Amino acid sequence: MTTPLLVTGGTGTLGRLIVPRLVAAGRTVRMLSRTPREPAADAVEHVAADLRGPDAARHLDAALGGVEVVLHLAGGPKGDAEATTALAAAAARAGVKHLVHISAIGADRVPIAWFRMKLAAEEAVTGAGVPWTVLRAAQFHDLVLKTATAMAKLPVVPVPGGLRFQPVDARDVAARLTELTLGEPAGLVPDLAGPRIEPMGELMRSYLRAAGKRRALLPVRMPGKAGRAYRDGANLTVDGADLGTRTWEEFLAERLG
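Here is the structure:
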C-alpha cells in the first residue's frame, strides 16, 4: 500500500475529478470532510475534520498521520485563510513533504475581499515551512454558468463594461493539479486559464443562445479601484501562463446541449 495522500475538498468540483485520477495513478487517497462518509473506493478513505472548528488542530494531527503529500482544494466564500492556516500548520507539525494549493489568478492584484482572502491563504501555505506548490487558476466554466443562470432570471441583465474573463474548464485544472500533486514541490507555477479572453457581455450572450433565452443586456460601469483593476485585466493571465483546451462555447454545448 502506498503512503496515503491527503485531499481536502475531495467531493467538490475539482475533487470529484482529481481523486479518481490519483487512484488510477496507484495512490491511496485520504479525503478530509467535515462529517464522516463511507468510502467510495478501496483506495479512498474518509476522515472527519473541520478546518475551522475548535478541535481543528487535534483532528488534523490525526488525519495527517503518515501523510507526505497534501492537496488542498477546499474553499468557500469566506474563511479560506483561517482554514488554510490551520492545515498548513498541521502539515508542518506532521513533517509533510509537499503541500499543493489551488488559488485564483489575480489574488495579488484585484483589490476586493475575496481575492485578498485568497492571497492570505497563499501566504499561509508559503510561510508554513513545508515544501509547496501553488497553482493560480481562472474562474471555472461551472462558476460562470452558475452566475449567468442567476443573472438570466432578471428581465434586464446588467453587464459591467470592461469586465473580461478567461474561464477555464475544471477538467483542464484537474489534469494539471494531478500532475503537480504527483510531482515534486515547484513553488508558484504558471497560471492556468482558458484558451480565450471574453467580455462578460459575450459570455452572457453565448449562454442565452445556448439556453434558448432572450434577455436585454444593460451596460453598467464598475466604480472604484476594483472596477479599474478589472478594466486593466488584473484578473487575467500574464505572459507565460498555461492555457486550457476547452472553450466556454464547448462547455455550454456539453451542459446545455
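So the sequence shown is numbered by my numbering: it starts at 461 and just counts up by one. Where is the CB? At the ideal position from N, CA and C, for every residue including glycine. Because the structure is a prediction, the values reported are computed rather than measured.
Next item on the list: Kindly indicate which three-state DSSP category residue 663 falls into: helix, strand or coil?
Entry: By one-based count along the sequence shown, residue 663 stands at place 203. DSSP places residue 663 in helix when its eight states are reduced to three.
Checklist line | Same chain, Cβ closer than 6 Å to residue 685, five either side skipped, listed in chain order | finding: The count along the sequence shown starts at 1 and reaches residue 685 at position 225. Taken in chain order, the residues that qualify are 571.
Notebook entry, point to check: DSSP beta-bridge partners for residue 556?
Noted result: Position 96 of the sequence shown, counted from the first residue, corresponds to residue 556. In the DSSP output, where bridge partners are listed per residue, residue 556 has none listed.
Notebook entry, point to check: Is the stretch 598-613 close to the stretch 575-589, with three or more CB pairs under 8 Å?
Noted result: The stretch 598-613 vs the stretch 575-589: no contact.
Check: Looking only at its own chain, which residues have a Cβ that is under 6 Å from the Cβ of residue 558, when we skip the five neighbours before and after it?
Finding: Counting from 1 along the sequence shown, the entry for residue 558 is found at position 98. Taken in chain order, the residues that qualify are 529, 591 and 645.
Item checked: Strand pairing of residue 703, partner residues [DSSP] -> Your numbering for residue 703 matches position 243 in the sequence shown. 653.
Notebook entry, point to check: Under 8 Å, do residue 488 and residue 503 count as touching if we go by C-beta distance?
Noted result: The residue given as residue 488 occupies position 28 in the sequence shown. The residue given as residue 503 occupies position 43 in the sequence shown. Yes, these two residues count as a Cβ contact at 8 Å.
Next item on the list: Determine, using beta carbons only, whether residue 543 and residue 518 come nearer to each other than 8 Å.
Entry: Here the question's residue 543 lines up with position 83 in the sequence shown. Here the question's residue 518 lines up with position 58 in the sequence shown. No, the pair does not count as a contact, with Cβ atoms beyond the cut-off.
Check: With DSSP run on the structure shown, which of helix, strand or coil describes residue 469?
Finding: In the sequence shown, the residue the question calls residue 469 occupies position 9. Coil at residue 469, not helix or strand.
Item checked: Span separating the alpha-carbon of residue 690 from that of residue 657 -> For the purposes of this step, residue 690 is identified with residue 230 of the sequence shown, where counting begins at 1. For the purposes of this step, residue 657 is identified with residue 197 of the sequence shown, where counting begins at 1. If I take the Cα positions, the gap works out to 13 Å.
Margin query: So, at 7 Å on beta carbons, what are the nonlocal neighbours of residue 555 in its own chain, with the 5 sequence-adjacent residues on each side left out?
Written below: Start at 1 with the first residue of the sequence shown, and residue 555 comes out as number 95. So the list is empty, once near-sequence residues are dropped.
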